[in-house]
Structures are given as C-alpha cells and as structure tokens.
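S.K.: full-length UniProt numbering puts the sequence shown at residues 1 to 268. Even for Gly, the Cβ is constructed at its ideal location relative to N, Cα and C.
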Amino acid sequence: MTAKNKPEETKKEKADPVPAATDDLSEEDKRLQEELNLLVEKLVGDDVDLYLPALQMLTNLIRTSTTSMTSVPKPLKFLREHYPTLKEVYEKIQDPKTKKFCADVVSVLAMGVSGSVEAAEKKECLKYCLLGTLSNVGEWGHEYVRQLEGEIAEEWKVENMDTLLPLVKDVITFDMQHSAEIQACDLLMEIDKLDLLTGHMDASNYPRVCLYLIGCASYVVEPESTAILQGVLDTYIKFGEHPRALLVAMQLHDKAKCEEVFNSCTDP
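Listed below in structure tokens is the structure:
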C-alpha cells in the first residue's frame with residue numbers, strides 16, 4: 001500500500017452511510033417512540049384540552065421506566081430532542097395545574113442523564129421541580145433524586161432556605177425509606193441540617209447512619225465534627241447502645257457526657 005492510496009481509502013471510509021438510530025430499535029421501542037412523539041405533538045398544538053391528558057400520559061410513561069437503575073430509561077432517551085420544545089410548551093401553558101404538571105416533566109428531562117450541559121449548568125432540574133407540583137419527588141426514581149440532591153447542595157443559601165427546605169424534607173424521607181441513608185447524610189451535612197435525620201432514625205437504619213457519621217467526623221473541622229459526634233451520641237443513647245455511646249463520649253473528651261451515659265443506662 002502506497003502513501004498515495006491512503007487518503008483515498010480514508011475518504012471512502014468517511015463516505016460510508018451512517019445507519020439511522022431507529023434501525024437499531026425493536027418494534028416495541030419504535031411504538032414507544034411514536035407514542036411519545038404523538039404526545040409532544042399534542043402539547044405543541046393549540047388544543048388546550050389535550051395538554052393535561054398528554055402530560056399525564058408522559059408522566060406515567062416516564063415514571064414506570066425510571067424504576068431501573070441500570071440503564072437510561074428509554075422515554076428519557078427518546079424525549080431528549082424535545083427538551084427545548086417542552087420548555088416552550090411550559091411557557092405557553094396558562095392553566096396553573098397543567099403548568100405544574102409540565103414543569104414536573106421538564107424537570108425530569110433536565111437530569112444530567114438526559115438533559116444538556118446547559119441544563120445542568122443552569123440547574124434546570126431543580127428550577128422546574130420547584131415550579132412543579134412538589135409532590136412525592138421520589139416517584140420519579142433514584143437517579144432523579146440524586147440529581148436534585150446535587151443541585152440543592154449547590155444552590156443552598158440562607159436567602160432561599162424557606163423555598164428549598166420542604167423539598168429537602170421530601171428527598172430525605174425518600175432516601176431513608178429506600179436504603180439511601182448515606183445520600184441523605186451527605187446532603188444534610190452539605191447544607192448543615194443533620195438535625196432533620198432525627199425523625200427518620202429507627203432500629204433498622206441507625207447503626208449504618210451512626211457508623212457513617214463517625215467516619216465523616218474525622219474529616220471535617222470544628223465545630224462541625226463535635227456537632228456530628230454529639231448527634232451520634234444522642235442517637236446511641238436513644239436506642240440503648242450505651243457502650244457505643246460511651247465510646248463516642250470519650251472521643252469527645254467530655255467527662256460530663258461520659259457520666260450522662262452511665263447515669264442513663266438502666267441495665268444492671
């Protein structure tokens with residue numbers, strides 16, 4: 001092979017046709033894609049009576065697909081190209097209830113897994129979530145909740161606490177009910193709201209939470225480290241783990257706390 005022939009072969013390779021993405025889809029996937037496109041067409045149209053039913057169908061299709069954590073849900077893949085369009089649909093909708101439903105859908109599509117870089121930079125997942133129904137955000141799946149947690153941590157400021165706190169509580173409730181205690185701890189440490197864990201601690205999750213927080217306390221500065229250990233100490237006492245509570249009190253170098261642990265123990 002001569003050097004002269006190489007450019008011609010390269011040019012020929014580049015000229016080969018690229019198969020359409022739909023060629024790889026199964027018949028079931030093609031039907032799903034067509035259904036999603038039809039729903040988007042209804043939203044783009046002028047018949048306002050079709051908006052809410054179309055959004056409800058989109059919601060059902062997305063929610064039933066986000067239960068899997070091993071792959072990107074197909075509705076999100078197929079709807080990605082419609083993301084800018086659905087943002088425009090949100091702006092034109094006048095009915096408050098329908099507008100909130102639309103915001104929910106746009107928020108889910110803005111996830112890093114299906115949205116654009118611009119959407120991530122503008123934190124549009126959180127933005128549209130706050131504009132939506134704010135009802136049971138966990139129903140959109142674990143990936144969506146993780147995305148919200150990241151954006152909440154970045155956006156958390158004193159001036160917007162009242163706006164974000166109800167959403168934070170909903171997210172923490174979901175995490176603690178779905179074996180995602182570590183995520184809950186990370187978010188609450190990030191926004192300095194570990195006290196919100198108290199109401200969600202039970203016999204099934206407190207050992208895991210306490211061990212994780214003890215480990216985290218070694219990597220943060222004072223007074224946060226002491227505050228974390230104090231919370232762990234109170235939790236151990238609450239659940240009758242007096243030997244562990246005593247170890248934490250000793251780690252705090254607090255003689256008064258050590259005596260408190262001894263006095264609170266009723267086991268002879």
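Can you find a CB in chain D that lies within less than 8 Å of the CB of Phe174?
M.R.: Among the protein chains of the structure shown there is no chain D, as only one such chain exists.
S.K.: Could you compute how far the alpha carbon of Lys92 sits from the alpha carbon of Trp156?
M.R.: Roughly 29 Å separates the two Cα atoms.
S.K.: Are there 16 or more other CB atoms within 10 angstroms of the CB of Val209, so buried, or fewer, so exposed?
M.R.: Buried, since its Cβ has 16 or more Cβ neighbours within 10 Å.
S.K.: Cα-Cα, which of Lys238, Leu36 and Arg31 is closest to Val105?
M.R.: Checking every option, the nearest Cα to that of Val105 belongs to Leu36.
S.K.: Below 8 Å, can you find three or more Cβ-Cβ pairs linking the region 197-207 to the region 218-229?
M.R.: Touching, no, given that fewer than three Cβ pairs across the two stretches are closer than 8 Å.
S.K.: Quick one: what does DSSP say Pro75 is sitting in, helix, strand or coil?
M.R.: Looking at Pro75 - three-state DSSP - the assignment turns out to be helix.
S.K.: Straight-line CA distance for Val220 to Leu38?
M.R.: Going from the Cα of Val220 to the Cα of Leu38 covers about 52 Å.
S.K.: Mapping DSSP to helix, strand and coil, what is Cys94?
M.R.: According to the sequence as given, residue 94 is Gln; it is not Cys. Correct three-state label for Gln94: coil.
S.K.: Quick test of your reading: Leu126 and Ile152, contact by CB under 8 Å. State the CB separation rounded to the nearest angstrom.
M.R.: Right, their Cβ atoms sit about 6 Å apart.
S.K.: From Gln33 to Cys216, what does the alpha carbon distance come to, in whole angstroms?
M.R.: One C-alpha to the other measures close to 45 Å.
S.K.: Can you name, in chain order, every residue of its own chain whose Cβ lies under 6 Å from the Cβ of Lys99, other than the five neighbours on each side?
M.R.: Closer than 6 Å at the Cβ level, and outside the excluded window around Lys99, lie Ile93.
S.K.: Grab me the residues of Glu181's own chain with a C-beta within less than 8 Å of its C-beta, minus the 5 sequence neighbours each way, in chain order.
M.R.: Counting only Cβ-Cβ distances below 8 Å, and skipping sequence neighbours, we find Asp175, Asn205, Arg208, Val209 and Tyr212.
S.K.: Taking the alpha-carbon positions, what's the Ala54 to His82 distance?
M.R.: Going from the Cα of Ala54 to the Cα of His82 covers about 14 Å.
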